[in-house]
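Colleague: In terms of our numbering, the sequence shown opens at residue 21 and continues consecutively. We put the beta carbon where it would ideally sit given N, CA and C, even for glycine.
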Amino acid sequence: MEKVILIEKNQGWMKITIHRPDKLNALNASVLQGLQEALHDLHNDASMRGCIITGAGEKAFVAGADISTFVKADRNIGKELAELGQQLFFSIERSPKPIIAAVNGYALGGGCELALACHFRIASDNARFGQPEVNLGIIPGYGGSQRLTRLIGKGRALEWMMTGDSYDAQEAWRIGLVNHVCPASELQTFAETKMRTIISKSTTALAQIIAATNASEVGVEEGMKTEAACFGTAFASDDMLEGTTAFLEKRKPQFK
Ligand code: COA
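This is how it looks when you write it as structure tokens:
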């Protein structure tokens, strides 16, 4: 079976590539498990001092959680799915080793949330960001309602989540969601240069910068619990079934 997570170890840092290009790198159970193992590897390998997360191909970073796995889900499965994703993304956010997202295309839904969990984001000029869950009758469940709000502000975050619209890299840069935008052909080199600069610094100082900065976000645990419960509620709705089925059948949903 083809690997869905590729790991490349370089001098002092590693690259994790989510590799399901035919499904725009959508996050299914194998990807989530592979990501968890790759992060474990990062944390246990003392020679690895930082990490870049990116997506395979030229079209997508990650186009969201895998919608095909949603159709049979219910309230409990939805809540459990959110909690699983939240724990994984917490381990990225709380990693003592710097993790940069190199966003090389669509970063939608869980893909946007994955980028948000990284310490900061660099985007290619063809990247698109958004939280389109509302189009499926659900809500962001991997930390989006918390991290997007903190990063771009409540009003903008609510607009993103309520419209489901997506936004180009320039707009993401303008509102502070990404730190840099570069031509697609230069994205990986740019991210790697940034990573090399960072890992040349004190590993202790880097870990403390991350811990201290994360500490500014008090109350996030409670917010995540609420988000997981709301995600479960959305999963119990007929609209979720209609929204996900319509996507898979390539038609417009008819919400009641
Ligand atoms: N889950 C499962 N499969 C997905 C997916 C997702 N989140 N996003 C894309 N795919 C699959 C498509 O079903 C398609 O598979 P197929 O070739 O077997 O039919 C393949 O990836 C290519 O996607 P396609 O929709 O044909 O590409 P496009 O260029 O026309 O559109 C997007 C790209 C990103 C706009 C579109 O794929 C999309 O809207 N994806 C869903 C985004 C989303 O709602 N994410 C949040 C999920 S909670």
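(1) Taking Cβ positions, are residue 131 and residue 82 nearer each other than 7 Å?
(2) State whether the stretch 237-249 contacts the stretch 140-158, with contact taken as three or more CB pairs (one from each stretch) at a distance under 8 Å.
(3) With distances taken between CB atoms, is the gap from residue 211 to residue 120 smaller than 7 Å?
(4) Determine the direct distance from the alpha carbon of residue 192 to that of residue 144, and round the result to whole angstroms.
(5) What do you reckon, is the C-beta of residue 150 under 6 Å from a heavy atom of ligand 1?
(6) Between residue 83 and ligand 1, is there a pair consisting of the residue's CB and a ligand heavy atom that are separated by less than 6 Å?
(7) For residue 148, list the residues DSSP reports as bridge partners.
(8) Here's the rule I'm using: 16 or more other beta-carbon atoms within 10 Å means buried, otherwise exposed. How should residue 203 be labelled?
(9) What span of residues does the beta strand (DSSP E) with residue 89 cover, start to end?
(10) Using a Cβ-Cβ cut-off of 6 Å (strictly less than) and excluding sequence neighbours within five positions of residue 201, which residues of its own chain qualify?
(11) For ligand 1, is there a heavy atom less than 6 Å away from the beta-carbon of residue 137?
(12) Quick one, which of 43, 30 and 216 has its alpha-carbon nearest residue 24's?
(13) Any Cβ of chain B within less than 7 Å of the Cβ of residue 54?
Modeller: By the coordinates alone:
(1) yes
(2) no
(3) yes
(4) 11 Å
(5) no
(6) yes
(7) 126 and 188
(8) exposed
(9) No beta strand (DSSP E) contains residue 89, which DSSP labels as neither H nor E.
(10) 143, 145, 189 and 193
(11) no
(12) 43
(13) Among the chains in the structure shown there is no chain B, since it carries only a single protein chain.
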